[in-house]
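**Student:**
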Amino acid sequence: MPHLQKFGFFGRSDRYHTRLEETSDLPKPVFVTAASHAFYRHSLAVVSDVQRLFPDHRILYYDLGLDVVKEVHAVRRMCNVEYRRFPFESYPSYVSDLKQYRWKCLLIAVTVVVAMLDEDSSAYKYFPTVIENLKSTKAQMFDAALMLVVRTKEVVEDILSW
27 MPHLQKFGFF GRSDRYHTRL EETSDLPKPV FVTAASHAFY RHSLAVVSDV
77 QRLFPDHRIL YYDLGLDVVK EVHAVRRMCN VEYRRFPFES YPSYVSDLKQ
127 YRWKCLLIAV TVVVAMLDED SSAYKYFPTV IENLKSTKAQ MFDAALMLVV
177 RTKEVVEDIL SW
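Counting the sequence shown from 1 gives a position; the working numbering is that position plus 26.
(1) When DSSP builds the beta bridges, which residues end up paired with residue 103?
(2) Taking just the CA atoms, how far does residue 123 sit from residue 81?
(3) Answer with buried or exposed for residue 94, where buried requires no fewer than 16 other C-beta atoms within 10 angstroms of its C-beta.
(4) Report the CB separation of residue 115 from residue 87 in whole angstroms; it is logged as a contact under 8 Å.
(5) Using the three-state DSSP reduction, which class does residue 184 fall into: helix, strand or coil?
(6) From this set, 66, 77, 113 and 75, which residue's C-alpha is nearest residue 99's C-alpha?
(7) Exposed or buried, which one is residue 60 when buried takes at least 16 other CB atoms within 10 Å?
(8) Anyone know if the C-beta pair for residue 68 and residue 92 falls short of 8 Å?
(9) Based on the DSSP output, what are the partners of residue 89 in its beta bridges?
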């Protein structure tokens with residue numbers, strides 16, 4: 027929890043999104059993916075699909091342990107892809123154990139902060155989601171290939187702090 031507090035999410039109700047508004051002036055969403063060497067080939071398929079389906083959208087690609095010589099160089103050359111190395115050194119050593127997925131909520135928090143700095147914060151106002159649907163058994167996450175995270179009070183206080 028102390029590692030998440032530095033992102034300033036807690037105790038700021040003005041940062042939560044609680045209702046939907048129809049608006050056509052929101053900028054394009056940014057896609058985010060992350061991979062280590064073990065999942066590099068899978069991540070290429072994700073990037074390829076996003077580039078094919080959303081050719082004008084940005085993709086943030088977080089390096090969780092790629093091969094520096096070949097894989098990092100290849101990611102840096104991809105169109106509309108911004109390479110970022112995940113800052114494991116900023117967190118306790120257990121965060122770098124990828125199989126524990128402790129890095130995931132930190133990556134989400136880092137990405138939200140990056141997105142708010144890169145864009146007008148109003149760009150992230152309202153994404154359509156129903157919290158009760160996300161809590162249902164139908165919403166179980168069997169694969170972490172795609173995740174839509176909406177900055178609501180519940181996400182910040184119940185998921186990020188988890």
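By construction, the Cβ of each residue, glycine as well, lies at the ideal position given by its N, Cα and C atoms.
**Tutor:** Considering the structure as presented:
(1) Beta-bridge pairing links residue 103 to no other residue.
(2) 33 Å
(3) exposed
(4) Actually they are not in contact, since the Cβ atoms of residue 115 and residue 87 sit about 19 Å apart, beyond 8 Å.
(5) helix
(6) 66
(7) By the C-beta density criterion, residue 60 is buried, having at least 16 other C-beta atoms within 10 angstroms.
(8) It is not a contact, given that the beta carbons lie outside the stated cut-off.
(9) 61 and 111
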